[in-house]
Every structure is written in C-alpha cells, then in structure tokens.
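Report on the structure given below.
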Amino acid sequence: MTILEIIQQRHQAGKKSIAVLIDPDKIDDLSRLRHLIHLANENCIDFFFVGGSLITTLNLADVIRTIKDNVSIPVVLFPGSSLQIDPGADAILFLSLISGRNPDLLIGQHVQAAPILKNNRIEVLPTGYLLINSGRISSVAYISNTTPIPDDKYSLAACTALAGEMLGLRLIYLDAGSGAEREISSKMIASVRKTINVPLLVGGGINTPQKAFAALEAGADMIVIGNALEKDPDLLTEISEQVWEWNQRVEK
Ligand code: 1GP
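Mapping of the sequence shown onto the working numbering: position 210 corresponds to residue 210, and the numbering continues sequentially without gaps.
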C-alpha cells in the first residue's frame with residue numbers, strides 16, 4: 001500500500017495519525033535524534049516528516065539515514081524548497097502554498113523538483129499547504145514571502161482548501177508555522193474539515209496533549225508535532241496517547 005493510500009484509508013475509517021517533524025537544522029547532535037527516534041518507535045508514531053523553512057546545514061541525508069537505520073516508520077520530506085530532496089526518503093509532501101500568491105511556491109519550485117522526483121522512487125503526495133496567521137510572523141511566512149490567512153477568516157481558509165481539492169490536491173495541510181504562539185483554532189480546523197473530503201493535516205504550536213486532542217476533535221486526521229519535542233522529547237508519549245486513545249475508541 002502507498003503512503004497516500006494508508007493516510008486515505010485511516011481518514012475513511014475515522015482513525016487519526018501523528019507525525020513527528022524533524023528540522024535538520026536543529027539537529028546538532030545525532031544522539032538526541034536517536035533518543036527521539038527511539039521514543040517515536042515506542043509510542044508507535046505513524047510518520048516522520050523531515051524538513052524546514054530554511055536549512056543551513058548539509059545533514060538532511062544523515063538525518064534521514066539515521067531514521068531509516070533505526071526504525072521502519074516512513075520518512076516523508078516536508079521541504080522548504082526543491083533543494084530539500086533526498087532519495088533516502090519514502091515520500092515527499094509536494095506542497096503548493098495555496099494560501100499565498102507567490103508563483104514560485106504555487107508551481108515554480110515544482111517544475112524544478114518534478115524531473116528529480118521522476119527519477120527517484122520517492123512517492124509524491126500532492127498537498128495543498130495553507131498558512132494560518134498565528135500572532136507573529138512565522139519563518140515560513142517570511143521565507144515564502146506570503147501573507148498567512150487571518151485566523152478568523154474561516155470561510156477564506158475553507159474556500160482555499162476546497163479550491164485545492166478541486167485542483168486535484170490529495171491532502172490539505174493547515175499550518176500555523178513551527179513554534180507558533182497560537183495553534184490553529186478548533187473553529188478553523190472544523191470549518192475546513194466540513195468543506196473538504198480529503199485528509200486534513202494540522203500543525204504548528206501543538207505543544208500539549210490538550211491542544212493535540214482539540215485538533216483531533218475538530219477534525220484533523222493527522223497532527224504534526226515538531227518544536228515542542230525539541231524542548232521536551234518525552235512530551236511525545238503524552239501526545240501520542242491522545243491519538244492512540246482516539247483510535248481505540250474508533251475500533252470499538
Ligand atoms: C511546522 O506544522 C509544523 O511546519 C509543526 O509545528 O514545530 O510548532 O510543532 P511545530
């Protein structure tokens with residue numbers, strides 16, 4: 001089964017997933033990464049996402065290899081640009097930044113990446129990527145030179161996601177930006193969820209089990225956790241429990 005099929009099947013069954021985001025720029029010590037990999041494995045997380053808005057180091061391949069050498073959890077690239085492609089990954093979020101109006105991130109980077117991806121075995125996951133305002137300018141908003149959707153413009157976000165779905169994008173990702181002061185509100189998640197049929201990923205500022213549960217309850221199919229684990233990797237146990245408990249209830 002492909003990674004897209006796994007995500008779609010879980011969505012149809014009402015099951016939730018959790019992805020741990022590793023920003024290679026923040027990995028200065030592979031032993032910390034191994035600890036996180038070990039915790040992720042123990043807590044049965046579903047995916048590793050690897051990438052960042054700006055990568056200033058050359059360790060992307062090392063990070064991916066370290067994960068692949070230690071666990072069988074799929075590794076999905078979450079690239080800030082077409083420079084962040086590594087053949088060691090299982091899949092790539094082929095992101096079109098549809099909340100913005102920067103042509104390079106709507107189609108430009110994709111043209112450069114397409115032939116490279118065609119010649120690799122990386123599964124391509126066409127994803128509509130929406131930035132939602134979270135209080136202050138996030139790195140991704142700054143680097144992408146786009147304006148995030150205001151956090152109280154629910155219908156704007158829902159229509160943007162719907163247009164993405166109509167254009168054939170297979171996943172929608174709502175992001176408040178890494179380390180966001182304010183996570184995406186339940187009302188925003190719910191408005192998008194009820195408008196689209198494809199799986200919905202939500203991330204940015206989810207740093208407590210309560211916030212994780214609120215995102216799941218509002219309709220996120222997958223939550224993405226990064227920054228909070230850089231500060232406290234053990235938080236993963238508490239957050240993944242929310243996902244596990246949810247899925248247990250669905251199975252009953
Ligand atoms: C960022 O959605 C991801 O693009 C995850 O955000 O690092 O705040 O968990 P955090």
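We put the beta carbon where it would ideally sit given N, CA and C, even for glycine.
If you drop the 5 nearest sequence neighbours on each side, which residues of the same chain put their C-beta closer than 8 Å to that of residue 217?
Taking the sequence shown and counting its residues from 1, one reaches residue 217 at position 217. So the list reads 186, once near-sequence residues are dropped.
Leaving out the 5 sequence neighbours to the left and right, which residues in its chain are closer than 6 Å to residue 133 when beta-carbon positions are compared?
Within the sequence shown, residue 133 is the residue found at index 133, counting from 1. Cβ within range, chain order: 148, 150, 151.
Bridge partners - residue 19, DSSP secondary structure assignment:
Start at 1 with the first residue of the sequence shown, and residue 19 comes out as number 19. Partner(s): 47, 224.
Check whether the segment 178 to 198 and the segment 215 to 234 are in contact - that is, three or more C-beta pairs closer than 8 Å.
yes
Do the segment 20 to 36 and the segment 49 to 57 meet, that is, are 3 or more Cβ pairs less than 8 Å apart?
yes
Does the ligand 1GP have a heavy atom nearer than 7 Å to the CB of residue 21?
To locate residue 21, count along the sequence shown from 1; it is residue 21. For the ligand 1GP, at least one heavy atom lies less than 7 Å from the Cβ of residue 21.
Which same chain residues, not among the five before or five after residue 66, have their C-beta less than 8 Å away from its C-beta?
Counted from its first residue, the sequence shown places residue 66 at position 66. Result list for residue 66: 30, 33, 34, 37, in chain order.
For the ligand 1GP, any of its heavy atoms closer than 7 Å to the Cβ of residue 225?
Here residue 225 refers to the residue found at position 225 when the sequence shown is read from its first residue. Yes, the beta carbon of residue 225 sits closer than 7 Å to at least one heavy atom of the ligand 1GP.
Nearest-angstrom Cα separation, counted from residue 197 out to residue 165
Stepping through the sequence shown from its first residue, residue 165 is reached at position 165. Stepping through the sequence shown from its first residue, residue 197 is reached at position 197. Taking the straight line joining both Cα atoms gives about 8 Å.
Closest by CA to residue 71, which one among 224, 46, 87, 93?
Numbered from its first residue, the sequence shown carries residue 71 at position 71. When only C-alpha atoms are compared, the closest one is 46.
Tell me which residue opens and which closes the alpha helix (DSSP H) that residue 237 is part of.
If you number the sequence shown from 1, residue 237 lands on position 237. Run containing residue 237: 235 to 251, per the alpha helix (DSSP H) assignment.
Rounded to a whole number of angstroms, what is the C-alpha to C-alpha distance between residue 81 and residue 116?
For the purposes of this step, residue 81 is identified with residue 81 of the sequence shown, where counting begins at 1. For the purposes of this step, residue 116 is identified with residue 116 of the sequence shown, where counting begins at 1. Cα to Cα, residue 81 sits roughly 13 Å from residue 116.
Once DSSP output is grouped into helix, strand and coil, what is the label at residue 24?
Within the sequence shown, residue 24 is the residue found at index 24, counting from 1. Reduced to three states, the DSSP call for residue 24 is helix.
Hey, residue 128 and residue 157: beta-carbon distance below 8 Å or not?
The sequence position of residue 128 within the sequence shown is 128, counting from 1. The sequence position of residue 157 within the sequence shown is 157, counting from 1. Going by C-beta atoms, residue 128 is not nearer than 8 Å to residue 157.
Looking only at DSSP bridge pairs, what is residue 123 linked to?
Within the sequence shown, numbered from 1, the residue matching residue 123 stands at position 123. Answer is 91, bridged to residue 123.
Alpha carbon to alpha carbon, what distance is there between residue 111 and residue 77?
Here residue 77 corresponds to residue number 77 of the sequence shown, with the count starting at 1. Here residue 111 corresponds to residue number 111 of the sequence shown, with the count starting at 1. Each residue's Cα considered, the two are about 17 Å apart.
According to the Cβ coordinates, are residue 205 and residue 179 closer than 8 Å?
As a first step, residue 205 must be located in the sequence shown, where it is residue number 205. As a first step, residue 179 must be located in the sequence shown, where it is residue number 179. Yes, these two residues count as a Cβ contact at 8 Å.
Which residue marks the beginning of the beta strand (DSSP E) containing residue 174, and which one marks its end?
Against the sequence shown, residue 174 aligns to sequence position 174. Unbroken beta strand (DSSP E) run through residue 174: 171 to 175.
CB contact flag (residue 237, residue 93, <8 Å):
As a working note, residue 237 is residue 237 in the sequence shown. As a working note, residue 93 is residue 93 in the sequence shown. No, the pair does not count as a contact, with Cβ atoms beyond the cut-off.
Shorter than 7 Å, the distance from the beta carbon of residue 214 to the closest heavy atom of the ligand 1GP, or not?
Residue mapping note: residue 214 aligns to position 214 of the sequence shown, counting from 1. No; taking the cut-off as 7 Å, the Cβ of residue 214 has no heavy atom of the ligand 1GP nearer than that.
Is residue 99 near the ligand 1GP, with its Cβ less than 7 Å from a heavy atom?
Looking up residue 99 in the sequence shown gives position 99. No; taking the cut-off as 7 Å, the Cβ of residue 99 has no heavy atom of the ligand 1GP nearer than that.
Got a sec: does the ligand 1GP put a non-hydrogen atom nearer than 7 Å to the Cβ of residue 177?
Mapped onto the sequence shown, residue 177 falls at position 177. Residue 177: yes, Cβ under 7 Å from the ligand 1GP.
Opposite residue 129 in the DSSP bridges: which residues?
As a working mapping, residue 129 is identified with position 129 in the sequence shown. DSSP lists 97, 173 as partners of residue 129.
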